[in-house]
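Residue numbers (my numbering): 0 to 541.
Written as structure tokens, this is what we have:
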């Protein structure tokens with residue numbers, strides 16, 4: 000009927016949300032208007048484009064960062080002329096020049112990839128809602144695991160809730176088993192990994208310990224039954240870092256306050272933040288002994304272990320290391336869809352939106368790893384990502400099975416996974432947010448300073464805090480509605496050779512926070528050495 004309204008489509012994985020999108024877009028096309036559909040990751044584009052093109056006879060525009068400048072220019076003008084019925088794109092596509100906008104869809108609306116964390120900071124999901132209001136058209140947000148903010152907006156009557164509680168054709172949701180690693184593994188995941196071939200081979204026992212017996216047996220049987228398996232570990236590389244077992248020295252990035260990740264195939268240690276790398280050497284740079292040990296594991300080590308566990312299987316890996324070349328991501332997904340891959344290992348790339356009917360087994364390794372991040376959203380993100388990866392299983396005619404390995408099986412973000420019970424998780428997490436005044440009940444603005452000299456940045460942060468206090472004390476609106484947290488170093492204090500401190504403004508309403516942040520920005524003395532970044536509704540607190 001037209002007009003602005005925001006709908007949240009809460010549908011189980013495999014419930015047919017994409018079909019709802021397609022039929023809604025067909026209705027919009029019949030009225031002579033265009034639709035815009037946003038997706039969080041470029042990796043989802045090939046499969047979605049196939050389905051959209053099948054319905055709209057090639058009248059589809061595409062916008063994302065994987066396009067060349069010439070391709071993006073051509074697409075932009077094609078959209079502006081109205082030569083397309085549907086625009087598909089990642090977060091920046093929310094600004095596409097659609098001439099007669101009739102519908103905006105944000106698929107996987109909970110995904111943090113919709114937040115732009117540098118340059119012009121914005122959340123494409125929230126921009127989509129505002130653009131829908133300005134364009135007087137409906138906005139449809141879809142997810143199997145909605146963000147707490149969106150679900151609470153439904154409870155408060157701001158959004159309209161639509162639910163799909165069953166899968167297509169009444170297919171059953173996959174069975175979920177929780178494996179308590181505390182009872183399975185008794186030794187540490189560390190082995191000596193000197194540069195020699197014999198030393199590297201000792202990593203076998205470490206890799207094998209990443210798989211509990213039930214998961215290892217299930218992978219073998221699933222392969223023997225000619226079915227596909229998905230293995231999820233949200234860390235790439237071979238080992239998380241190298242440490243000397245004699246002196247305790249850890250190899251760290253020269254430009255960031257993080258350890259270097261071992262990439263065995265390329266024989267390099269790499270920083271996953273600034274991309275600094277150095278070759279692997281067999282001796283400790285501190286004490287000179289050949290006693291370096293790989294600690295932890297990533298997708299590369301999982302791939303190596305699975306080749307030993309199931310030698311006949313066709314195994315592939317999907318992470319940033321294997322999808323860097325243009326077109327490699329699409330080729331990998333198409334091979335996965337066509338059944339040319341028996342076992343796919345990957346990071347969170349593999350959890351989002353892929354609909355492959357042959358997948359009947361999903362294994363999640365170290366599932367509670369993200370719960371340990373210093374972020375109030377860690378439980379929500381853990382539940383969402385595990386629910387999403389579990390939903391890749393059993394989407395065809397064969398039933399699915401999910402095995403989640405964790406050291407924290409009792410956690411309220413893990414237990415609801417057994418029954419695919421989002422509402423149970425929401426009920427517990429929302430009370431935690433309410434008690435601490437975090438979103439959706441509170442609003443946040445992050446003030447982050449960075450610079451090359453740690454003393455200068457710290458001094459500037461403390462001076463800024465005093466200015467904020469002075470502004471706050473002189474205005475009752477700020478005294479009553481704004482709480483100041485900090486200043487403190489960022490959890491990752493040094494990033495790309497710049498040191499970082501931050502202050503957090505917290506309150507029940509966004510207007511006083513923005514007004515105070517604006518006043519702070521106007522009083523801040525800009526210098527070449529120290530920069531101030533203001534992030535409203537921050538998603539990345541690290």
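Just so it is clear, CB atoms sit at the ideal spot from N, CA and C, and this is done for glycine as well.
By the DSSP assignment, the beta strand (DSSP E) with residue i in it spans what residues?
| i | result |
| --- | --- |
| residue 493 | 482-494 |
| residue 278 | 276-278 |
| residue 347 | Neither: residue 347 is in no beta strand (DSSP E) and is coded neither H nor E. |
| residue 6 | 5-10 |
| residue 376 | From DSSP, residue 376 is part of no beta strand (DSSP E); its letter is neither H nor E. |
| residue 301 | Note, residue 301: premise wrong, no beta strand (DSSP E); alpha helix (DSSP H) at 298-308. |
| residue 292 | 291-294 |
| residue 261 | 260-262 |
| residue 531 | 530-535 |
When DSSP builds the beta bridges, which residues end up paired with residue i?
| i | result |
| --- | --- |
| residue 34 | 85 and 102 |
| residue 136 | DSSP output for residue 136 lists no bridge partner at all. |
| residue 501 | 447 and 487 |
| residue 114 | 122 |
| residue 210 | For residue 210, which the question treats as bridged, DSSP gives no partner whatsoever. |
| residue 442 | 506 |
| residue 315 | 343 |
| residue 405 | 179 |
| residue 231 | 345 and 363 |
Would you please state the rounded distance, in angstroms, between the beta carbons of residue i and residue j? I believe it to be under 8 Å.
| i | j | result |
| --- | --- | --- |
| residue 519 | residue 446 | 7 Å |
| residue 135 | residue 2 | 6 Å |
| residue 329 | residue 45 | 4 Å |
| residue 6 | residue 139 | 5 Å |
| residue 147 | residue 464 | Not really, about 30 Å apart at Cβ, beyond 8 Å. |
| residue 214 | residue 357 | Wrong, their Cβ atoms sit about 19 Å apart, outside the cutoff. |
Look at the Cβ atom of residue i, then the Cβ atom of residue j, and state whether they are nearer than 9 Å.
| i | j | result |
| --- | --- | --- |
| residue 359 | residue 226 | yes |
| residue 99 | residue 62 | no |
| residue 231 | residue 344 | yes |
| residue 514 | residue 466 | no |
| residue 294 | residue 279 | no |
| residue 217 | residue 402 | yes |
| residue 394 | residue 13 | yes |
| residue 494 | residue 392 | no |
| residue 492 | residue 256 | yes |
| residue 454 | residue 500 | no |
| residue 321 | residue 297 | no |
| residue 141 | residue 59 | no |
| residue 275 | residue 254 | yes |
| residue 39 | residue 398 | no |
| residue 341 | residue 17 | no |
Identify, in the order they occur along the chain, each residue of the same chain with its Cβ nearer than 6 Å to the Cβ of residue i, setting aside the five sequence neighbours on each side.
| i | result |
| --- | --- |
| residue 531 | 448 and 523 |
| residue 79 | 96 |
| residue 121 | 115 |
| residue 416 | 175 and 385 |
| residue 162 | 9 |
| residue 251 | 258 |
| residue 541 | 490 and 491 |
Quick one: give me the first and last residue of the alpha helix (DSSP H) that residue i is part of.
| i | result |
| --- | --- |
| residue 243 | From DSSP, residue 243 is part of no alpha helix (DSSP H) but of the beta strand (DSSP E) over 240-243. |
| residue 46 | 44-55 |
| residue 107 | Run containing residue 107: none; DSSP gives neither H nor E here. |
| residue 67 | Element bounds for residue 67: n/a, residue is neither H nor E. |
| residue 29 | 16-29 |
Near residue i, what residues of its chain come up, given a Cβ to Cβ distance below 8 Å and the 5 sequence neighbours on each side ignored?
| i | result |
| --- | --- |
| residue 516 | 444, 446, 504, 533 and 535 |
| residue 544 | In the structure as shown, the chain begins at 0 and stops at 541. Residue 544 is therefore absent and cannot be evaluated. |
| residue 538 | 111, 114, 116, 122 and 376 |
| residue 299 | 235, 236, 237, 262, 263, 264, 316 and 320 |
| residue 144 | 109, 382, 383, 386, 387 and 421 |
| residue 471 | 477, 478, 481, 483 and 515 |
| residue 451 | 496, 497, 498 and 528 |
For residue i, I'd like the list of residues in its chain whose CB is within less than 7 Å of its CB, leaving aside the five on either flank, ordered along the chain.
| i | result |
| --- | --- |
| residue 101 | 27, 30, 32, 33, 34 and 136 |
| residue 459 | 448 and 529 |
| residue 521 | none |
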